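Take a look at the structure set out below.
If you want it as structure tokens, here you go:
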């Protein structure tokens, strides 16, 4: 991670960590790094439903226009809509203002290249260098050289049509609850799934600026679980605040997490001959049960660092067509350049519709190993010292020896929050719980 960028853009509490002044500087630096000199660049801006979005949007606009870039405002849209529309509208770059699954007081800035991809570390570092040392900026234009701002709030219809066109088949006969997390999907989801023929029951689709991800969405599945069971529905789908991830609920109200959704989609793609190299790309957080599922079904599995951009980098490098994360990011490379919750839900529900099967029966393709995750809030200095603290390293080594070959331990800094995440996995839930808490206790003693 750099000085500003984490695993998914720049994040912080809006108006405290992520200020308008910082957003303006990021806008200036981004326009200089991502656009060719000598041409009038065009940059798209979208946002989720947070109250602080307008403030940061205005600041970014000022930064872009101050170096001669024109801005097109998309309004409230999903993050993957920005990635898609960059190419569709022939823009030089795109920016999404969102803190994804985080509470409303947070916000973030995600940047996409002119090809619709999240930026590699090297380009993020260039932007950071210009933010902290503006002496490298070109001379600022005057008179007619400054950029202007236009609105294209209708552009979202192009994205909606793209998602609907990606469906392998229609969804008639499916009765589905859809939790929009009071976020970006509130603007798009009902039309997409209704147009495709599903009977939709909409939840958390009345954003007010502060209720995004508030006891709803993919990080709070309880209401969706209850609603599906009480109303006898076939499935439930939950998005996060910017709709770049989704999770599911089966007809019995049981969570279907990202590993199960990936397993079901991978088998279907293999059967249709569209899973390139019979390979699925996941991350180090992917459940051990998924690895066994791949082996049992003649699939190859490749693990990357956590973050859908790292999954995509591996897919592009090796020509793979499908990958994702347990947390709900999935990349269907045929249709998208980044994780897209609504596109993923369309692909997933299409399988359910085509096979006329209960979702609970589809999840039997994989056995999930028990997994325990303990988050420890630490200082930024604690994040850095994690790699060198002798007592923490000794605790990690002891834990790995106890787990042996039938389990594993993963401790990693969060790329978006001031946390160290301690994850254990194995067949004995009691044992892995004790080990995770023991390691977490040492981290608290040493790094908080």
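Numbering (the numbering used here), first residue to last: 6 to 453.
Each residue gets a CB set at the ideal place from its N, CA and C atoms; glycine is no exception.
Remember, it's a predicted structure, so these values are computed and weren't measured experimentally.
DSSP-derived helix/strand/coil call for residue i
{"i": "residue 346", "result": "helix"}
{"i": "residue 389", "result": "helix"}
{"i": "residue 340", "result": "coil"}
{"i": "residue 354", "result": "helix"}
{"i": "residue 252", "result": "strand"}
{"i": "residue 359", "result": "helix"}
{"i": "residue 85", "result": "helix"}
{"i": "residue 38", "result": "helix"}
{"i": "residue 309", "result": "strand"}
{"i": "residue 442", "result": "helix"}
{"i": "residue 179", "result": "coil"}
{"i": "residue 370", "result": "helix"}
{"i": "residue 422", "result": "coil"}
{"i": "residue 199", "result": "helix"}
{"i": "residue 433", "result": "coil"}
{"i": "residue 215", "result": "coil"}
{"i": "residue 172", "result": "coil"}
{"i": "residue 316", "result": "helix"}
{"i": "residue 447", "result": "helix"}
{"i": "residue 191", "result": "helix"}
{"i": "residue 383", "result": "coil"}
C-beta atoms of residue i and residue j nearer than 8 Å
{"i": "residue 99", "j": "residue 48", "result": "yes"}
{"i": "residue 46", "j": "residue 74", "result": "yes"}
{"i": "residue 330", "j": "residue 374", "result": "no"}
{"i": "residue 187", "j": "residue 231", "result": "no"}
{"i": "residue 223", "j": "residue 106", "result": "yes"}
{"i": "residue 37", "j": "residue 142", "result": "yes"}
{"i": "residue 247", "j": "residue 22", "result": "no"}
{"i": "residue 327", "j": "residue 270", "result": "yes"}
{"i": "residue 227", "j": "residue 210", "result": "no"}
{"i": "residue 17", "j": "residue 111", "result": "yes"}
{"i": "residue 290", "j": "residue 353", "result": "no"}
{"i": "residue 282", "j": "residue 313", "result": "no"}
{"i": "residue 56", "j": "residue 214", "result": "yes"}
{"i": "residue 348", "j": "residue 183", "result": "no"}
{"i": "residue 382", "j": "residue 418", "result": "no"}
{"i": "residue 71", "j": "residue 151", "result": "yes"}
{"i": "residue 79", "j": "residue 87", "result": "yes"}
{"i": "residue 304", "j": "residue 394", "result": "no"}
{"i": "residue 136", "j": "residue 9", "result": "yes"}
{"i": "residue 241", "j": "residue 181", "result": "yes"}
{"i": "residue 249", "j": "residue 83", "result": "yes"}
{"i": "residue 420", "j": "residue 13", "result": "yes"}
{"i": "residue 440", "j": "residue 415", "result": "no"}
{"i": "residue 92", "j": "residue 31", "result": "no"}
{"i": "residue 385", "j": "residue 426", "result": "no"}
{"i": "residue 132", "j": "residue 34", "result": "yes"}
{"i": "residue 409", "j": "residue 437", "result": "no"}
{"i": "residue 296", "j": "residue 309", "result": "no"}
{"i": "residue 261", "j": "residue 368", "result": "yes"}
Straight-line Cα distance separating residue j from residue i
{"i": "residue 233", "j": "residue 257", "result": "8 Å"}
{"i": "residue 2", "j": "residue 264", "result": "No statement about residue 2 is possible, as the shown extent of the chain runs from 6 to 453 and does not include it."}
{"i": "residue 356", "j": "residue 273", "result": "7 Å"}
{"i": "residue 77", "j": "residue 243", "result": "29 Å"}
{"i": "residue 286", "j": "residue 145", "result": "44 Å"}
{"i": "residue 160", "j": "residue 442", "result": "48 Å"}
{"i": "residue 360", "j": "residue 280", "result": "18 Å"}
{"i": "residue 206", "j": "residue 140", "result": "54 Å"}
{"i": "residue 58", "j": "residue 198", "result": "27 Å"}
{"i": "residue 148", "j": "residue 321", "result": "43 Å"}
{"i": "residue 428", "j": "residue 377", "result": "6 Å"}
{"i": "residue 66", "j": "residue 318", "result": "29 Å"}
{"i": "residue 29", "j": "residue 229", "result": "39 Å"}
{"i": "residue 101", "j": "residue 163", "result": "17 Å"}
{"i": "residue 446", "j": "residue 407", "result": "17 Å"}
{"i": "residue 60", "j": "residue 189", "result": "17 Å"}
{"i": "residue 300", "j": "residue 392", "result": "33 Å"}
Beta-bridge partners of residue i, as assigned by DSSP
{"i": "residue 47", "result": "75"}
{"i": "residue 184", "result": "208 and 243"}
{"i": "residue 335", "result": "329"}
{"i": "residue 378", "result": "428"}
{"i": "residue 415", "result": "428"}
{"i": "residue 23", "result": "19"}
{"i": "residue 397", "result": "The partner list for residue 397 (beta bridge, DSSP) is empty, contrary to what the question assumes."}
{"i": "residue 52", "result": "81 and 102"}
{"i": "residue 10", "result": "15"}
Closer than 7 Å: residue i CB and nearest the ligand FMN heavy atom
{"i": "residue 237", "result": "Among the ligands in the structure shown, none appear at all, so the ligand FMN cannot be discussed."}
Interface flag, residue i vs chain C, CB-CB below 8 Å
{"i": "residue 87", "result": "In the structure shown, chain C cannot be found, because there is only a single protein chain."}
Legend entry - Ranges of the alpha helix (DSSP H) found wholly within the stretch 260-305, counting only runs of at least 4: 263-276 and 293-301
Legend entry - Whole alpha helix (DSSP H) elements within the stretch 218-249, 4-residue minimum: Contiguous alpha helix (DSSP H) elements confined to the stretch 218-249 occur at 227-235, taking only those with 4 or more residues.
Legend entry - Segments of 4+ residues assigned as alpha helix (DSSP H) that fall wholly inside the stretch 95-158: 126-137
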